[in-house]
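Here the protein sequences come in this chain order: A and B.
Those letters in the first sequence? Residues 10 to 404, per our numbering, in order.
Those letters in the second sequence? Residues 612 to 1417, per our numbering, in order.
Yeah, the Cβ is synthetic: ideal placement off N, Cα and C, and Gly gets one too.
No experiment lies behind these values; they were computed from the predicted model shown.
See below for the structure under consideration.
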Amino acid sequence: MRDAVIVETVRSPGGRYKRGALAQTRGDEIGIQVMKGLMKRVPQVKHEDVDDVVCGCCFPEGETGMNIGRVIALGAGFPVTTSGMVVNRFCASGIQAIADATAKIRAGWSDIIVAGGCETMSHIPLGGWVFRPHPDWGDLPMTYVSMGVTAENVAADYGITREEQDKMALESNRRAHEAIQKGVWKDQIIPIEAWKYVKDKNGQWIRTTETFDMDDGVRWPSTLEGMAKLKPPFKQGGSVTAANSSQMTDGAAFSMIMSAEKAKELKLKPIAKLTHYVVAGNRPEEMGVGPRYAIPKVLKLAGLTTDDIDLFEINEAFASQSLYCCRELGLTERYWTGDVNPNGGAMAIGHPLGCTGAKLTCQILHELKRRKLKRGIVSMCIGGGMGAAGIYEML
Amino acid sequence: MSYEIKKVAIIGAGVMGATIAAQMTNAGIECVMLDIVPPFDPSEADLKKGLTKESKAWRNSFAVNGLNGALKSRPASFYSKKNALMITIGNLEDDLGLLKDVDFILEVVVENLKIKQELFAKLEKAVNPDCIIATNTSGIPIKEISSNLSAKNKERFLGVHFFNPPRYMKLVEVIPGETTKKEIVDYMTYFLENVVGKGVVVCKDVPNFIANRIGVFDIANAVKTMLGKGLTIPELDAIIAKVLGRPGSAICGTIDLVGIDTGYHVMKNLVEAIPDDEMVKTFVPPEFMDKMMENKWLGNKTKQGFYKKTKDEKGKKVKLALDYNTMEYVPFKKPRYESVKEAGKTEGSFDAKLKALFYSEKDVAGEVAREYLCKNFIYSANRIPEICDTVYQIDNTMKWGYNHQKGPFETWDAVGVKESVEVMKTLKLKIPKKITEMLKKGCESFYMKKEDGKYYYDFDKKGYVKIEDNPKIILLPDVKAQNKVIKSNAAASLIDIGDGVACLEFHTRMNAIDADMIAMIEDSCDIVSKDFAGMVVANHAANFCVGANIFQILMAVENAEWDLLDNLIHDLQYANMKMKYLDKPVVTAPSGMALGGGCEISMHGQRCQPCGETYMGLVEVGVGVIPAGGGCKDLMVRCTEGLPDGTAEVLNLQPIYEKVLMNIGQAKVATSAMEAMELGYIRKTENISLNRDHQIWDAKQLVLSIAMTHKKRKPDMIPVMGESLMGIAHAVLFNMKHGNYMSDYDEHVTMKLAWVLSGGQCMEGTFVTEDAILDREREAFLSLAGEQKTQDRIMHMLTRGKPLRN
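Below, the structure written as structure tokens:
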């Protein structure tokens, strides 16, 4: 089977929920701007050469509805001949899009596909605008359980303390702050002309734009004392707080994937390839344990062990589940030495749901390149009780 | 000229200023609130926040802080926090321009004559030539504060003294200066009573006016009586308490609440201001209060005063009381007096209990009551005409400003003027000449009722003078006394309040709903339909109606009288429906608590004229049932009405029904009429009566105004979510239960509620009849009433007075 390679991978900065720089920008607009930025970076590829646009999105409604993949393709200037689609595997949607694109190219059904994810959490509520759990599932509503409650369940069932969680949250923010100071993300970010509604001198609302070029969710300086004061909102007497949970965030990220032959033909230097990708199911009420099952599953498929993996991006949906997964996977020490989430995670720069898999892909590939390392894993837990994991190999 | 206050400026954003501003917005009056620019430099922390000496945020920071304080105050100062939008803040250097279009400016700054005079010199130039100018001083003479104003401005200057907290205290003292125009005083009285909802007493310009003269004497007198009789602090508070008509916090508890320093300074100031007062020595603070000031034991704000609340080694809360001899805090033990206990148990009105204690010879409590009250009586009598001309001004002041149940002269009447004079003689007290004179003339009480109204004894005219009737105050007992009862039973009466309007008055204990009350609602509807222009549903009780009589419900359940219960609920539902669909206008006028069934009755008026202080909610889940008098049904109507035709079928009703589910499921109680509007219990188009005394009149005017064009309401059809709501409720409640926010039984009760609200196993956007929802309310109610845990909840509420979360 032929190889599918990633030749470029970019992302928007993450904008904080409601108060961040992207809170007033339409979700499709974020996606369109990232897509335009990606295409500019690969001038060898003409728009008409791109066969398909695959976009992950958790709540493809409202402005990210109506087949957001197709909307972004047309909005970003692709010809009508370039198709588009939406992929939804909740929090794994972004990497699922890349995996689907990779598989399609390897099968020989496509030559060039742009895949990634796009989400506006500021505009589309978690659960969507029209939330309709099945009325007959009264005794079994686990599928609809709130993510916060699942995080509390993991903390309670596996003995993860509040202190541990806060410590990880602090470390995540510290790393992200350092990454921004050092400018390590500069190469991967497409600055967004973010929408801002302001009043003009006549008191009328008008739309203006403002350039937004770096994640704005990092809480630094932070202290454990400060975090300890927060109340756990999901459960009275619980341990999961706003600080040790992922931030709700707006953002988009896309990668260009093509067959190895095509890359050669266009004289493009491939960055990496997604060699293996799996999804594993688990109990919905402890949704966060997903990576603990998905990572061993993907490693087994590849015939590798964690020792063969240089860097991990394990999405920090909640500190409780991240800590648990690291512990079970024997990665706790490697977390603290910086092999896991080297530049901080979702507790600092956010978890834009359907975009996250694509965003973490972008982050890990740039980091592997920067450190000249070989292999990385992107993994995350998934609402409804699943985990996804993909192995990237640098080329 | 005629005046109309549409915009007000409050100068000084301290606690008093900001909370007065809040009350102005409650009354719908726009407000400007200014304070000084901070007289110091921004701190390091301020600079870090981006505040500089020049920045607007810094220059306005006193006013900003004042507004934030009012927003956070407990009890709440605003009817709704949204009212804060009606306050424009600024500072006294940059924003004097904001004052040019205000109609009334009130100064509420520190009690310092020089500062006030300088401030007014500045304000005088900034306001327009018709602006009414006032000071909220609590003691500095008006003539001194206004001494430098121009003659023209003095004519529009007066004292307007609010009491803390201004939203809740009824009293406002209005103090005209020597040259203040009468029309200004009259208009301000009108404005404060009718718009701001207060009770006005016009005072003379004497030190501390009326309330803080008589009130501080009352307190000082109590403290001196305590020292004289060698009582402890808790002993004093056990005697001069409820039976004597004092608030629950009694004497020392009240001072702790207000602040020892406040009381202390007022006493000291009075000693200087009224050297010729015959009781000036009483105002000299006792030595132990000097020590309390030194120790900064200033009451609740410093966590210790006369009392101290602390925790023992085991972490248990304990209350201590100050021993003023040793200046140590000792464990609090509630003192018991046989005489107080007996008086409390005396059959009859407040007067009978008061009298029982006053004449008791059982123990020291009677002695204390006699000495304290007699001194109060005499002091009050001696203040006429020094501080005001009539007895009722002093009585109103003490009731409205100090929360006394009765004023000194009303209290005096209660114990009997003639008999008490004998007591005074034995106590060797000097009886005022005017009292001896009055008795000599055969006038043995300060007040008396005649056919045409209420009279008071006037010391100057030496005879009874009629107290002017206020047509806006409709007193149901007075109307009833004039043979105006149309129909009556044990629970309620229908009364003719004139002009073709009838008033339905509830009068059960706590105004709980029973079968009689329901029958009266139905009968009243029939009578009004035939013979009247419309009906007001209102009463004078502290609470409009606190819901169903749960004792009767529990009895019915225990005796398995399900049909009886079903009928009772059915009757309430259809009594309410009868009001809603009557061919004559029905206006409900809730005030105080309107809970459960009380809320349901309020909601079934065609219109509502609530008092500002209305505390409304459907609280049935607290006793393990759901609203079944039409409350679920009508909240559904109210939350879905107003949608344009053709939209309810296609709209996502989820946020609306989640709100209804949470309002009832969490027993949310609105803390004002405005909040009740936000929760949906009162329509936002209704008007609010700020003055409760005027509420029945207001409601009557509303009936009359709509009677002309009144049409019977068309039946409501309610858009529902059907089964979809059940799925949503399952998921939402599951998460709440797992977050320990509700018990299994809470979930069970709330699911029943969702079942009612769902409207049936139908498609989303189906319209159902009101009857269909009423049937579901009844079915859900009866099924829950049959459950043990609901019965436990009812029992707990009956025995402990608070909800059980089982």
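Can you pull the chain B neighbours of G246 of chain A, defined as C-beta to C-beta under 8 Å? The answer, in chain order, is N1351.
Of all the CB atoms in chain A, is at least one closer than 9 Å to the CB of E982 of chain B? Output row for E982 of chain B: interface = no.
I need the DSSP call for D646 of chain B, collapsed to helix, strand or coil. The answer is strand: DSSP assigns D646 of chain B an E or B state.
Which whole runs of the beta strand (DSSP E) in the region 1129-1159 of chain B are 3 residues long or more, in chain order? Within the region 1129-1159 of chain B, the runs of beta strand (DSSP E) at least 3 residues long that lie entirely inside it are, in chain order, 1145-1148.
Cα-Cα, which of A:Y167, A:G126, A:A203 and A:F87 is closest to C335 of chain A? Comparing Cα positions, the closest option is A:Y167.
Selection from A:E161, A:I318, A:P361 and A:V62 that minimises the alpha carbon distance to E294 of chain A: Taking only the C-alpha atoms, the option nearest E294 of chain A is A:E161.
Since E1334 of chain B meets chain A, which of its residues come closer than 7 Å, beta carbon to beta carbon? Residues of chain A with a Cβ closer than 7 Å to the Cβ of E1334 of chain B are, in chain order, P144.
May I ask you to verify whether the region 1082-1102 of chain B touches the region 1125-1132 of chain B, counting CB pairs closer than 8 Å and requiring at least 3? Between the region 1082-1102 of chain B and the region 1125-1132 of chain B there are three or more inter-stretch CB-CB distances shorter than 8 Å, so the stretches are counted as touching.
Closer than 8 Å is the cut-off here; do at least three beta carbon pairs connect the region 295-303 of chain A with the region 319-334 of chain A? Put simply, the region 295-303 of chain A touches the region 319-334 of chain A. At least three CB pairs are less than 8 Å apart.
Starting from A620 of chain B, trace the alpha helix (DSSP H) in both directions and tell me its first and last residue. Run containing A620 of chain B: none in the alpha helix (DSSP H); it sits in the beta strand (DSSP E), K618 to I622.
Can you name the residues of chain A whose CB is closer than 8 Å to the CB of G826 of chain B? Neighbourhood of G826 of chain B in chain A, by CB distance below 8 Å: empty, with the nearest CB roughly 42 Å away.
Could you give the distance in angstroms between the alpha-carbon of T843 of chain B and the alpha-carbon of Q634 of chain B? When only Cα atoms are considered, T843 of chain B and Q634 of chain B end up about 39 Å apart.
Take E553 of chain B as the anchor and find which of B:A963, B:D962 and B:A954 has the nearest alpha-carbon. The structure shown does not extend to residue 553 of chain B, since chain B is modelled only from 612 to 1417, so the question has no answer here.
Same chain only: Cβ atoms within 7 Å of L909 of chain B, ignoring 5 sequence neighbours per side: Leaving aside the five residues that flank L909 of chain B on each side, the residues in its chain whose CB is nearer than 7 Å to its CB run, in chain order, G870, I871, D872 and G916.
Beta-carbon of N1346 of chain B versus every beta-carbon of chain A: anything under 9 Å? Answer yes: the Cβ-Cβ gap between N1346 of chain B and chain A drops below 9 Å somewhere.
Considering only residues of the same chain and omitting the five flanking positions on each side of A1167 of chain B, which have a CB-CB separation below 7 Å? These residues qualify, in order along the chain: L1175 and L1176.
Neighbouring residues, chain B, relative to F243 of chain A (Cβ below 7 Å): The contacting residues are G1350.
Chain-ordered chain A contacts of N1263 of chain B [CB-CB under 8 Å]: Per Cβ cutoff of 8 Å: W138 and V139.
Run through the region 188-216 of chain A for me and flag every whole beta strand (DSSP E) of 3 or more residues, listed as ranges in chain order. Taking only runs of at least 3 residues, the beta strand (DSSP E) segments lying wholly in the region 188-216 of chain A are 201-208.
Tell me which residue opens and which closes the alpha helix (DSSP H) that C100 of chain A is part of. For C100 of chain A, there is no enclosing alpha helix (DSSP H), since its DSSP letter is neither H nor E.
Residues, ordered as in the chain, of the region 155-171 of chain A that lie near chain B by beta-carbon distance below 7 Å: Listed in sequence order: S155 and V158.
Are there three or more Cβ pairs, one per stretch, closer than 8 Å when the region 695-711 of chain B is compared with the region 621-638 of chain B? Contact holds between the region 695-711 of chain B and the region 621-638 of chain B, because three or more Cβ pairs, one in each stretch, are under 8 Å apart.
Can you name, in chain order, every residue of its own chain whose Cβ lies under 6 Å from the Cβ of R25 of chain A, other than the five neighbours on each side? Cβ neighbours of R25 of chain A beyond the five flanking positions: D225 and G226.
My understanding is that C1250 of chain B touches L1368 of chain B, with C-beta atoms under 8 Å, so please give their C-beta distance in whole angstroms. That belief does not hold up - the Cβ atoms of C1250 of chain B and L1368 of chain B are roughly 10 Å apart, past 8 Å.
Beta carbon of Y1066 of chain B nearer than 9 Å to that of V1002 of chain B: With respect to V1002 of chain B, Y1066 of chain B sits apart: the two C-beta atoms are not nearer than 9 Å.
4 or more residues per run - each alpha helix (DSSP H) lying fully within the region 893-967 of chain B: Listed in chain order, the complete alpha helix (DSSP H) runs (minimum 4 residues) inside the region 893-967 of chain B are 898-906 and 949-956.
Contacts that G1338 of chain B makes with chain A (C-beta to C-beta distance below 9 Å): Within 9 Å of the CB of G1338 of chain B, the CB atoms of chain A belong to F140, R141, P142, H143, P144, D145, W146, G147, P150 and Y153, in sequence order along the chain.
Classify E325 of chain A as helix, strand or coil using the three-state DSSP reduction. E325 of chain A: coil per DSSP, three-state reduction.
Whole-number beta carbon distance between R1389 of chain B and H1181 of chain B, since they are thought to touch under 8 Å: Indeed they touch by this definition, with Cβ atoms about 6 Å apart.
Pick from B:Y1013, B:M780 and B:K792: whose alpha carbon is nearest that of G770 of chain B? Of all alpha-carbon atoms in B:Y1013, B:M780 and B:K792, the one lying nearest the alpha-carbon of G770 of chain B is that of B:K792.
Please state whether the Cβ-Cβ distance between A367 of chain A and I198 of chain A is less than 9 Å. The answer is no: Cβ separation not under 9 Å.
Would you list the one or two residues that DSSP bridges to G65 of chain A? G65 of chain A is bridged to A:V96 and A:G126.
What separation, rounded to the nearest whole angstrom, lies between the Cα atoms of R11 of chain A and G1350 of chain B? Their backbone Cα atoms lie some 50 Å apart in a straight line.
Near N759 of chain B, what residues of its chain come up, given a Cβ to Cβ distance below 8 Å and the 5 sequence neighbours on each side ignored? Counting only Cβ-Cβ distances below 8 Å, and skipping sequence neighbours, we find Q728, F731 and A732.
So, does the region 636-652 of chain B touch the region 663-674 of chain B, judging by three or more C-beta pairs under 8 Å? Three or more beta-carbon pairs separated by less than 8 Å link the region 636-652 of chain B to the region 663-674 of chain B, which places the two stretches in contact.
Please work out which residues of its chain come closer than 7 Å, Cβ to Cβ, to V562 of chain B, disregarding the five sequence neighbours upstream and downstream, and give them in chain order. With chain B covering only 612 through 1417, there is no way to say anything about residue 562 of chain B.
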